[in-house]
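Here the sequence shown is numbered in my numbering, starting from 1 and rising by one per residue. Step one of this worksheet: look at the structure below.
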Amino acid sequence: MTELVSQSILDALTDVEFPRRMAARAVWKSLPLDGMRLPVYRGQALVLGSGAAGLRAAVELKRRKIDVVVATQTLFWGTSVCSGSDKQTLHTASTGASGDDFLALARALGAGGAMDADTAYVEAVGSVEALMALKYLGLPLPEDCYGGVLRYRTDHDEAGRATSCGPRTSRLMAKVLAEEALRLGVPFVNRCTGLKLIRGKDGSAAGLLVVKADARGPDNPYGLALFQCPAVVLATGGPGELYRDSVYPVHCFGSLGMALEAGIELVNLSESQFGIGTRREGFPWNLSGTYVQAMPYLYSVDSSGSERNFLADYYRTTGELASNVFRKGYQWPFHAMRTLDFQSSLVDLAVYRESRAGRTVYMDFRRNPERVPQDAPFSLDRLDADVAAYLKNNDAWLPLPIERLRRMNPLAIELYRRHRVDLDTAPLPFDINNQHMNGGIAVDIWAQSSLPGCYAVGEAAGTHGVTRPGGAALNAGQVFGIRCAEHIHARWSGSGSTMSAMDDEPFLGAAGECAALIRRDLKNPEALRVEDVKKEIQARMSEQAGFICHDTEVAGALERALALNASVREQGIRIENPAQIAKAMLWRQMALTSAAVLSALSLYIGRNGGSRGARLICSASGTEVPDTKNGKLEEYRFLPERDADRKKQIRVRYEGGRFEAHERELRSMTSPGEFFFEKNWAPFLSGRIYEKGYPETLRGPADR
Ligand SMILES: Cc1cc2nc3c(=O)[nH]c(=O)nc-3n(C[C@H](O)[C@H](O)[C@H](O)COP(=O)(O)OP(=O)(O)OC[C@H]3O[C@@H](n4cnc5c(N)ncnc54)[C@H](O)[C@@H]3O)c2cc1C
């Protein structure tokens, strides 16, 4: 930002307030169960989760006159609301001078492989509506004087398709959607944690069992509640608690474990994002974008207080070192292949090694990078050409990192100040953390999972491939929020809008099973302790399934994860008191999730899959070795990716107490050039486009 922006403008983009009260959904009836009375809510559609994706789905459903109810663990909590999600990727053809097209954006979305072609195209096409509706609702998207959205280049994005409203972009998105939900009268039921998906007699989704903290009372001692809704949209975000080293906000669990228990297929669980950031024990925030483009000094400190300019052991010149710190700005997630040839992921590897050696790593904005011995000191004049051009174009050709940061992004400084960290006066400790789950619930082009009537949107859905451009997560959540609403609406539009009464039996069955489990585990001294389960899962995931993996360790980690699940099944997880039911149940689900991730990873590695995206798969038989100024890092010798693996996905199911992982070819798509107006208008009007198998079913014999 080259112009001085007033504090009140900066405040408005940083302190984002939500509506104080949302409409509430009243209990519809209650059901008797073993001397208890369980409240039952109902609606045509249930959205579980109130992040940016869930709110979008709810608003889009309500606009289509579907009787939707939102149940959520914590209203206005989760990754969208609490994390530094600062950008959204958009289709730029309509707004850019030399833009691109949907196919080019789809190619970029799926460039890392393992992404279905139709999903990528749906996200590309849908991004225009997704973004423009947010603008209409009041999202302060930055524009030029002609109305073009201001854009910049971000991770895995060669075209500069990202835009941002500042560090609180996703919070602002959630805010405008919450305001719209309030205007439309979308009803909410807060403090609900999903426990069990319920199938109707025909095998499709019928609703959900939850534990609702404030529903506990004399006739409902566990606080169980039921939702009778024939469409369920899981919008519960990612499994943020899976890793010990994590930049997710605390208490983000998601619902992958619940989906596994319901027999739903998950996909691409081995694909995630890891990168540098400040951890959730303090203020969790990604150190991407201008934080690193300002080129602060990165150093480590050992237990005796000695400082180490550790990057000087890796890069050959001071200019190369500083330029690669800069590139972390738009190459933020760790990428295995970028550890080679002195590229930017060597920074991540170096930070990781310092941390493992017991040193604390800092970023200091008051100092420029220190020189590499035998090379000249840091100078703006010795930076790589792309870096120098960026600084000049943004009027940030300034002597110190803090000045460059203040010029380019004063909100970045403001934000840490609000969390009592003053970048003007103190260095910032940071580390490598898990940040995003690319995989999740496998869905079709309408966001429907393998369980008919159950949809997944946002980070809960496994719509991304091995890599994703920065901003693509938010975009996917918005696009599929719209898509599932269209699909659910189409189901109701044929059958009138009234809901017939549902059979209570499956609901009572699910609640009965769950109540029995709770009774067994409540104050049970034989059961496992939540803290132990948590520690074991998080340590295993960070040590053996983090961004550095060893091919010889993953199978053992899977065995231990399966053993933990067996103990959880047999011994249970101790519930200290009824207020702890949700916590114990979420860790029970997390144990399943972690075993599912390890099942996928183990299959991938067992078939000699190589390092790709977020994971370096170290192996004695590897052919690649990261190079440093001081020589090769033999201990990180790794297997490169194989092209054939890019064309497949790994899918995981949990059935009969066993995980089943298998590979599947990617879905292709009908070329958009084949959609001629007259031929395709009728299927749109009749609703055939929503049918399973379409557009293949449209094709006549002559087309085949
Ligand atoms: C530090 C950081 C930076 C990021 N930066 C970007 C970025 O710049 N651009 C980008 O596109 N993406 C980014 N991401 C990823 C992106 O923010 C998330 O993928 C996205 O916000 C997820 O939105 P969501 O609506 O799916 O889930 P969330 O926003 O996490 O919402 C989940 C909701 O579900 C509820 N919930 C969760 N579990 C349960 C349960 N079991 N039962 C009931 N309710 C439940 C929660 O209370 C919450 O309301 C970033 C992520 C992190 C951590």
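Glycine residues also receive a C-beta, built at the ideal position from the N, C-alpha and C atoms.
Inset, instruction - Scan the region 103 to 164 and note each continuous beta strand (DSSP E) run of 3 residues or more that stays entirely inside, going in chain order. - result: The qualifying runs do not exist here; there are none.
Inset, instruction - Closer than 6 angstroms by C-beta to LEU234: which residues in its own chain qualify, once you throw out the five before and the five after it? Chain order, please. - result: Non-local C-beta neighbours of LEU234 in its own chain, meaning closer than 6 angstroms and more than five positions away in sequence, comprise LEU48, SER255, ALA456 and ALA460, ordered along the chain.
Inset, instruction - Tell me whether PRO32 sits in a helix, a strand or coil according to DSSP, three-state version. - result: Taken through DSSP and simplified to helix, strand or coil, PRO32 comes out as strand.
Legend entry - Per-residue DSSP class, three states only, for ILE276: DSSP places ILE276 in strand when its eight states are reduced to three.
Legend entry - Entirely enclosed alpha helix (DSSP H) segments - the region 192 to 279, minimum 4 residues: Whole alpha helix (DSSP H) segments, 4+ residues: 256 to 261.
Legend entry - Buried/exposed call for LEU141, threshold 16 Cβ in 10 Å: Flag for LEU141 reads buried.
Inset, instruction - Tell whether a beta-carbon distance below 8 angstroms holds between ILE264 and ILE441. - result: For ILE264 and ILE441, yes; Cβs fall inside 8 angstroms.
Inset, instruction - Would you tell me roughly how many angstroms separate the C-alpha atoms of ASP177 and SER50, rounded to the nearest one? - result: It is Leu, not Asp, that sits at residue 177 in the sequence shown. Rounded to whole angstroms, the separation of the alpha carbons of SER50 and LEU177 is 10 angstroms.
Legend entry - Residues of its chain near PRO19, where Cβ-Cβ distance is below 7 angstroms and the 5 sequence neighbours each way are ignored: Answer for PRO19: ALA178, GLU179 and LEU182, listed in chain order.
Legend entry - Simplified DSSP state of GLN707, which is helix, strand or coil: Missing from the structure shown is residue 707; the chain here goes from 1 to 704 and no further.
Legend entry - Where the beta strand (DSSP E) through ILE548 begins and ends: Note, ILE548: beta strand (DSSP E), 548 to 550.
Legend entry - Contacting residues, own chain, Cβ-Cβ under 8 angstroms from LEU517 (five flanking each side not counted): Result list for LEU517: GLY572, in chain order.
Inset, instruction - Please look up how many angstroms separate the CB atoms of GLY240 and THR74, rounded, as I've assumed it's under 8 angstroms. - result: With 8 angstroms as the limit, GLY240 and THR74 do not qualify as a contact, their Cβ atoms being about 13 angstroms apart.
Legend entry - Start-to-end residues for the beta strand (DSSP E) that takes in LYS705: Residue 705 cannot be examined here, being either before or after the span of the chain that is shown, 1 to 704.
Legend entry - Reduced DSSP category for LEU592 - H, G, I as helix; E, B as strand; rest coil: Of the three classes helix, strand and coil, the one that applies to LEU592 here is helix, per DSSP.
Legend entry - the region 301 to 311 / the region 385 to 403 touching (three or more Cβ pairs under 8 angstroms): The region 301 to 311 is not in contact with the region 385 to 403.
Legend entry - Runs of beta strand (DSSP E) wholly within the region 334 to 404 (minimum 3 residues, chain order): Listed in chain order, the complete beta strand (DSSP E) runs (minimum 3 residues) inside the region 334 to 404 are 360 to 364.
Legend entry - Reduced DSSP category for SER80 - H, G, I as helix; E, B as strand; rest coil: It is helical.
Inset, instruction - Give the C-beta separation of HIS419 and PHE283 to the nearest angstrom, bearing in mind that I take them to be a contact with Cβ-Cβ under 8 angstroms. - result: A Cβ-Cβ separation of about 4 angstroms places HIS419 in contact with PHE283 under the 8 angstroms criterion.
Legend entry - CA nearest to the CA of THR72, picked from GLU143, ALA472 and PRO187: If we check each option's Cα against that of THR72, PRO187 comes out closest.
Inset, instruction - For VAL250, verify whether its CB is less than 7 angstroms away from any heavy atom of ligand 1. - result: Answer for VAL250: no, Cβ out of range of ligand 1.
Legend entry - the region 400 to 414 touching the region 611 to 630, judged by at least three CB pairs closer than 8 angstroms: No: the two stretches stay apart, fewer than three of their Cβ pairs being nearer than 8 angstroms.
Inset, instruction - Hey, could you find the ends of the beta strand (DSSP E) GLU660 is sitting in? - result: Annotation: the continuous beta strand (DSSP E) that includes GLU660 extends over 658 to 665.
Legend entry - Spatial distance of ALA93 from GLY148 (CA atoms): For ALA93, the predicted model reports a pLDDT of 48, less than 50, meaning its position is unreliable; a value from the coordinates is still stated below. Cα to Cα, ALA93 sits roughly 10 angstroms from GLY148.
Legend entry - ALA235 CB to nearest heavy atom of ligand 1 below 7 angstroms: ALA235: yes, Cβ under 7 angstroms from ligand 1.
Legend entry - the region 116 to 124 touching the region 660 to 677, judged by at least three CB pairs closer than 8 angstroms: Contact check between the region 116 to 124 and the region 660 to 677: three or more CB pairs, one atom from each, fall below 8 angstroms, which counts as touching.
Inset, instruction - Please indicate yes or no: does the CB of SER255 lie closer than 7 angstroms to some heavy atom of ligand 2? - result: In the structure shown, ligand 2 is absent; the only ligands present are ligand 1.
Legend entry - For ASP627, three-class secondary structure by DSSP: DSSP, reduced to helix, strand and coil, places ASP627 within a strand of the structure shown.
Legend entry - Extent of the continuous alpha helix (DSSP H) to which ILE9 belongs: 7 to 14 is the extent of the alpha helix (DSSP H) around ILE9.
Legend entry - Helix, strand or coil at LYS632 [DSSP, three-state]: LYS632 falls in the strand class under three-state DSSP.
Legend entry - Cutoff 7 angstroms; reference ARG280; Cβ partners in own chain excluding five residues on either side: Contacts found: SER246, VAL247, TYR248, PRO249 and VAL250.
Legend entry - Proximity of CYS454 and ALA205 at Cβ, strictly below 8 angstroms: Cβ atoms of CYS454 and ALA205: closer than 8 angstroms.
Legend entry - Same chain, Cβ closer than 7 angstroms to SER272, neighbours up to 5 away in sequence not counted: In the same chain as SER272, and ignoring 5 residues on each side of it, the C-beta atoms closer than 7 angstroms to its own belong to ASN434, HIS436, MET437, ASN438 and ALA614, in chain order.
Inset, instruction - Measure the C-alpha to C-alpha separation of LEU55 and ALA473 and round it to an integer number of angstroms. - result: Approximately 15 angstroms, taken between the alpha carbons.
Inset, instruction - Check whether the Cβ of ALA388 sits closer than 7 angstroms to any heavy atom of ligand 1, and report yes or no. - result: Annotation for ALA388 indicates a beta carbon at 7 angstroms or more from all heavy atoms of ligand 1.
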